[in-house]
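Accompanying notes for the structure given below.
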Amino acid sequence: MKKIDKLKRPKNLFFFLAVLLFISMTTFSTFVLANQNTIRVDASVVNIRTGPGLSYDIMTQVVGGEKINILSEENEWYKIRLSNDQIGWVASWLIGNTEFSVASNKLGVISIETANIRSEGNLEAPILGEAVKGTELTVLFQQNNWTQVQFNGQVAWVSSDLIEITAEKKSIIPIATSTKNTEDSSIETITARFEDTNIRKGPSTNETILFKASKGDNFTYLSTDGEWYKIKNSDGQTGYIANWVVDLSENQTAAPPANISSLAEATIVIDAGHGGEDPGAPAPNYNEKEATLETASALSGKLKQAGANVILTRSSDEFVSLDQRTVISNQSSADVFISLHYDSTEIPNEVSGTTTYYYHEKDKGLAETINKQLGINNPLPNNGTRFGNFYVLRENTQPALLLELGYLNNTVDQATVYTNSYRAFVVESIYQALNNYFSS
Numbered sequence: 001m002k003k004i005d006k007l008k009r010p011k012n013l014f015f016f017l018a019v020l021l022f023i024s025m026t027t028f029s030t031f032v033l034a035n036q037n038t039i040r041v042d043a044s045v046v047n048i049r050t051g052p053g054l055s056y057d058i059m060t061q062v063v064g065g066e067k068i069n070i071l072s073e074e075n076e077w078y079k080i081r082l083s084n085d086q087i088g089w090v091a092s093w094l095i096g097n098t099e100f101s102v103a104s105n106k107l108g109v110i111s112i113e114t115a116n117i118r119s120e121g122n123l124e125a126p127i128l129g130e131a132v133k134g135t136e137l138t139v140l141f142q143q144n145n146w147t148q149v150q151f152n153g154q155v156a157w158v159s160s161d162l163i164e165i166t167a168e169k170k171s172i173i174p175i176a177t178s179t180k181n182t183e184d185s186s187i188e189t190i191t192a193r194f195e196d197t198n199i200r201k202g203p204s205t206n207e208t209i210l211f212k213a214s215k216g217d218n219f220t221y222l223s224t225d226g227e228w229y230k231i232k233n234s235d236g237q238t239g240y241i242a243n244w245v246v247d248l249s250e251n252q253t254a255a256p257p258a259n260i261s262s263l264a265e266a267t268i269v270i271d272a273g274h275g276g277e278d279p280g281a282p283a284p285n286y287n288e289k290e291a292t293l294e295t296a297s298a299l300s301g302k303l304k305q306a307g308a309n310v311i312l313t314r315s316s317d318e319f320v321s322l323d324q325r326t327v328i329s330n331q332s333s334a335d336v337f338i339s340l341h342y343d344s345t346e347i348p349n350e351v352s353g354t355t356t357y358y359y360h361e362k363d364k365g366l367a368e369t370i371n372k373q374l375g376i377n378n379p380l381p382n383n384g385t386r387f388g389n390f391y392v393l394r395e396n397t398q399p400a401l402l403l404e405l406g407y408l409n410n411t412v413d414q415a416t417v418y419t420n421s422y423r424a425f426v427v428e429s430i431y432q433a434l435n436n437y438f439s440s
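Residue numbers (the UniProt record's numbering): 1 to 440.
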């Protein structure tokens, strides 16, 4: 017996090692599949929405540093799978991974009369629903004779024996296409919200791209086809644009206006006053144009870090006309336009401190929010909010403010405003105010 045991031992050991190696390889393969197209969120807080656009409801939020799985991409939005297996959409500009390429997921077809769809890959897991024979499901990955699929807006599992993998599916975005082509007389103009928006030959993401629109491009509305608008550009060329990437001139029901609920989703235009041959108010060692540019650059960095889309009217010592500044704001559909200035008076040391100006009554609430924050721990006096008949406010169709952040012919102010500590105070105050403004 001892001799037989000795002969069996190597064979058992070999079998054990083989099983261990198989399990290790399977686990590694599953890990690789599960983490394919996993990316990290950079912004501090990101909204996950029910559809690919800011007009869709917020279903949840993820915090900076959290990892999410990308399923597909469309018009600057990623379709994602969260850690709790929910399916949602997130704006691509809030994600820091620039090397992402959309996975070509497989398409599976249920091969029996009725198949149970479960919450996890085992027979004890709760049944989420049933799929009948011929039902097509997007396959995410497979492990241990179970297949992970996309089912009713969430990630689920089905036994691999019950589903046949038939082909690759390059786009897994469900498109509700209708053959009914209607007209809405209340819509006049369609405006593209994003850069490089696809204009297609027909009302589907599978149709050929005819050309791309820039952010702010306007088109004449022709008709509605399901989730798509038929449009015409200034050259008379027609095409289709998705309703989740546009703003409408009149109608408020076909495509709701963008529901910005966090700073990370906002477009902020920062206007550094003066520049080039226009120095602005002088101080002994610097000019207003230098102080505004330094402040604008610091503010831009802070807001970008929070995930906001920031546009500078100037990023160097150059002259930009007042008309150009308002055009930049209007064409970019800015959620907030802030013009930065440092003031001066005829009599030195007559006035000191900060003032927040607005022109349109609709912007008064924004002005009060910014001004309130500037009044907290400000080393200079806070002069409150005031009506200001300034060109960049008057001709601006977007929410717009002009901030006077100190007086350069005031001895105390001129020694304060060009310091790093005061600049940091201004930047943090505006950041906190905008954060409160959009979250409320």
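The beta carbon of each residue, even a glycine, is placed where N, CA and C say it ideally should be. The structure presented is a predicted model; accordingly, all values stated were derived computationally and were not measured.
Whole angstroms are fine: how far does the CA of residue j sit from the CA of residue i?
i: E265; j: A308; result: 6 Å
i: Y407; j: A306; result: 30 Å
i: I199; j: T60; result: 30 Å
i: N69; j: T419; result: 44 Å
i: G275; j: G216; result: 26 Å
i: V46; j: G53; result: 13 Å
i: D335; j: K372; result: 19 Å
i: A272; j: K302; result: 15 Å
i: D225; j: S204; result: 10 Å
i: L222; j: E195; result: 22 Å
i: E136; j: I231; result: 32 Å
i: T253; j: I117; result: Per-residue confidence for T253 stands at a pLDDT of 37, beneath the threshold of 50, marking its modelled position as unreliable; no derived number is given.
i: G375; j: N382; result: 6 Å
i: T326; j: L393; result: 8 Å
i: E361; j: R314; result: 27 Å
i: G134; j: L162; result: 11 Å
i: E73; j: P348; result: 58 Å
i: A283; j: I58; result: 48 Å
i: R40; j: V320; result: 38 Å
i: S297; j: I87; result: 37 Å
i: L123; j: S234; result: 59 Å
i: S113; j: K201; result: For the record, residue 113 in the displayed sequence is Glu; it is not Ser. Near 38 Å, if we compare the C-alpha coordinates of K201 and E113.
i: N287; j: E350; result: 19 Å
i: A213; j: T220; result: 13 Å
i: K289; j: Q324; result: 17 Å
i: E164; j: G51; result: 29 Å
i: S429; j: F337; result: 16 Å
i: A424; j: L312; result: 18 Å
i: G129; j: W146; result: 16 Å
i: G384; j: I260; result: 27 Å
Going by the beta-carbon positions, is the gap between residue i and residue j smaller than 8 Å?
i: Y391; j: L299; result: no
i: A192; j: V269; result: no
i: P399; j: L434; result: no
i: I110; j: A131; result: yes
i: L380; j: T416; result: yes
i: N396; j: S332; result: no
i: T38; j: K67; result: yes
i: L402; j: S339; result: yes
i: G121; j: W89; result: no
i: V63; j: G108; result: no
i: I241; j: T197; result: yes
i: L71; j: I48; result: no
Can you give the beta carbon distance from residue i to residue j, rounded, assuming they're within the 8 Å contact cut?
i: N389; j: S344; result: Not confirmed; about 18 Å, so no contact.
i: N218; j: T189; result: 5 Å
i: Y422; j: F387; result: Their Cβ separation, rounded to whole angstroms, is 26 Å, which puts Y422 and F387 out of contact at 8 Å.
Starting from the Cα of residue i, find the closest Cα among the options and give me that residue.
i: A115; options: S316, S160, W93, A281; result: S160
i: F211; options: T238, I187, L405; result: T238
i: E76; options: S92, I87, Q86; result: S92
i: S262; options: Y431, E195, I328; result: Y431
i: Y437; options: N378, R49, L403, D363; result: D363
i: V310; options: T267, N285, P348; result: T267
i: S316; options: D278, K201, S214; result: D278
i: N378; options: V427, E361, F387; result: V427
i: I127; options: D247, G108, F151; result: F151
i: W228; options: S234, D235, N206; result: N206
i: S119; options: N285, L94, Q148; result: Q148
i: S439; options: T166, I165, T369; result: T369
i: L94; options: E350, K304, I187, G129; result: K304
i: H341; options: N243, A281, G236; result: A281
i: N285; options: I260, Q414, K201, T50; result: Q414
i: I187; options: F425, N243, Q324, L312; result: N243
Legend entry - Given 8 Å, three or more beta-carbon pairs between the stretch 288–295 and the stretch 353–366: Judged by Cβ distances under 8 Å, the stretch 288–295 makes no contact with the stretch 353–366, as fewer than three pairs qualify.
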